[in-house]
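These notes concern the structure reproduced below.
Chains as they are written, first to last, in our numbering: chain A, -2 to 345; chain B, 42 to 301.
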């Protein structure tokens, strides 16, 4: 299962993802048959009315307004997190890194906490929690980048340590606010945010999220050779004619931007960005040319499945999708590592 | 390609690592750099292959100052086999060697048939035919060294810089490595500890001590027992080998009773 049939892996996973989304449209408290889904999808595409127009029938509303946006958001989030995770692991040359490592997670939750408990950014309108967490995520990762560059020497270990330190600082500020605010509803809201959910999916946000994620995946895919070289380190890169420091900044900012958007629309979902890259490496090796598209597809497949399960496991309740992802993913991953000879560090 | 180094100095904080080094290496010449640990061998090589910026002085490839060359241009001229070759992620051997083609690629260009052929030949040359799909982490230290040599070959340069290339290699591959360098007629600069290997294969030896050049001559003239004592503080005997016309160095214990 190495290089030569990686193209077919891409085709297979694309097929799986499309089929999965199709059948997932039928699952939930109201079950729909394959025919109904097909007809509703077809009508929605054919119809001159926008899909969000009212009074198009209950089946239309279930498919086009409730389930389809959720599934697309799940797919986009999975793909984006998996690709950003792969890229961040290459940038910091550390297999334990994930998209949230550069302070993005704690920055996002600090933003959310500030808006929920102190009403920061309320003038942004109904989406103000999301906007605040995007702002928090992006500005904290900028801060981490700037701090780690202060002495002018690029050093990935310092970048990681700075990220962790800033993470700690931000989460203690968040905890401080939460502890003293003594606001039960606020705590509920922030918990929901931190565990991730696709319930808030809307076509208006998807119009931004999907292009951002697609552009990000294509951009990083064009960078596959530089990402490979990053794993060899700065010195080897110079002898191969590449100066990594400028690429590193661009990649980190791109990732922070994409993850910030994902946090804005779906909250925090762990595990995907850390583990999906490793699972795909088991099958394709470390070359990013195949690793990136397959990671995107597998991330999407996993989150779509997780979203369906989170909707149908307990009738009438949306379980936070982050819980499902970890419950589902962790044993699967342990099983794979136990079966395959896969070395994370390469130094065994 | 010829290389010339003019008045290079390099220091870290207040410690002088290299002071006022000048040397020139003719096209297709094989030059060994010898000297005790910490004498500045690696630093000098790193200045030449552009990982370090010297504090003063200039370096020229074929008469053009490397400051005016892009990294890509110099990577097409000089390939490097460095000392440390452990990577944080696992690669296929083939993927590592393929990266040697990087200086010839534009952003969106993928590897083509010709690149895979170059990789195959390079692996064959270093005696690793059939290793393409092996995991780099799972091969021995000596095999790793040879994979890196194969990557340098795939880079298709006229100059090769090696920093202690024979570490980890058994005697067969030490000699094979040096013979590959000679056969390809590389302009080569090789930091090396084994004086016998240096005497056998290098056209000229430059000796460094405390960041300064203390000797620069053909091996037969430079490597005398007196000079070896001056450089390393070890006793030795040096004999001319009639078959090879090169010198053999035999090290002597500091106290003849120790080995009895």
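Heads up, the beta-carbon is just placed ideally off N, CA and C, and yes, glycines get one too.
Quick caveat, the model's predicted, so the values are computed rather than measured.
Residue-level contact to chain A via CB, residue i, 7 Å cutoff
i                     : result
residue 144 (chain B) : yes
residue 287 (chain B) : no
residue 155 (chain B) : no
residue 175 (chain B) : no
residue 116 (chain B) : yes
residue 133 (chain B) : yes
residue 149 (chain B) : yes
residue 112 (chain B) : yes
residue 46 (chain B)  : no
Which residues DSSP lists as bridging residue i, in chain order
i                     : result
residue 203 (chain B) : B:122 and B:231
residue 292 (chain B) : B:277
residue 253 (chain B) : B:250
residue 258 (chain B) : B:246
residue 71 (chain B)  : B:229
residue 65 (chain B)  : B:45
residue 56 (chain B)  : B:53
residue 105 (chain B) : B:102
residue 133 (chain B) : B:176
Endpoints, the beta strand (DSSP E) within which residue i is located
i                     : result
residue 219 (chain A) : No beta strand (DSSP E) contains residue 219 (chain A), which is instead part of the alpha helix (DSSP H) from 200 to 219.
residue 47 (chain B)  : 44 to 53
residue 31 (chain A)  : From DSSP, residue 31 (chain A) is part of no beta strand (DSSP E) but of the alpha helix (DSSP H) over 31 to 43.
residue 264 (chain A) : Careful: residue 264 (chain A) lies outside any beta strand (DSSP E) and carries neither H nor E.
residue 102 (chain B) : 97 to 102
Under 8 Å by beta carbon: chain B residues contacting residue i
i                    : result
residue 92 (chain A) : 129 and 130
Amino acids of chain A, ordered along the chain, whose beta-carbon sits closer than 9 Å to that of residue i
i                     : result
residue 59 (chain B)  : Per Cβ cutoff of 9 Å: no residues; residue 59 (chain B) is ~18 Å from chain A at best.
residue 136 (chain B) : 0, 225, 282, 283 and 284
residue 140 (chain B) : 222, 225, 226, 229, 233 and 237
is_contact[residue i, chain B] using C-beta, thresh 7 Å
i                     : result
residue 11 (chain A)  : no
residue 57 (chain A)  : no
residue 240 (chain A) : yes
residue -1 (chain A)  : With a pLDDT of 45 at residue -1 (chain A), under the threshold of 50, the predicted position of this residue should be treated as unreliable, though the coordinate-derived value follows. Cβ-Cβ to chain B under 7 Å: yes for residue -1 (chain A).
residue 150 (chain A) : no
Partners in chain A for residue i, counting only beta-carbon separations shorter than 7 Å
i                     : result
residue 121 (chain B) : 236
Amino acids of chain A, ordered along the chain, whose beta-carbon sits closer than 8 Å to that of residue i
i                     : result
residue 268 (chain B) : Near residue 268 (chain B) there are no residues of chain A at all, since even the closest Cβ is about 32 Å away, more than 8 Å.
Within chain B, partners of residue i - CB distance below 9 Å
i                     : result
residue 232 (chain A) : 87, 90, 92, 121, 123 and 125
Endpoints, alpha helix (DSSP H) assigned at residue i
i                     : result
residue 88 (chain B)  : 82 to 89
residue 154 (chain B) : 154 to 166
residue 279 (chain A) : 269 to 281
residue 216 (chain B) : 212 to 224
residue 129 (chain A) : 125 to 145
residue 164 (chain A) : 153 to 178
residue 189 (chain B) : 182 to 195
residue 101 (chain A) : 101 to 115
residue 86 (chain A)  : 65 to 88
Taking a cut of 8 Å between CB atoms, which residues from the region 267 to 288 of chain A lie near chain B? 278, 282, 283, 284 and 286
Listed in chain order, which residues of the region 211 to 229 of chain A have Cβ atoms closer than 7 Å to some Cβ of chain B? Listed by position along the chain: 219, 222, 225, 226, 228 and 229.
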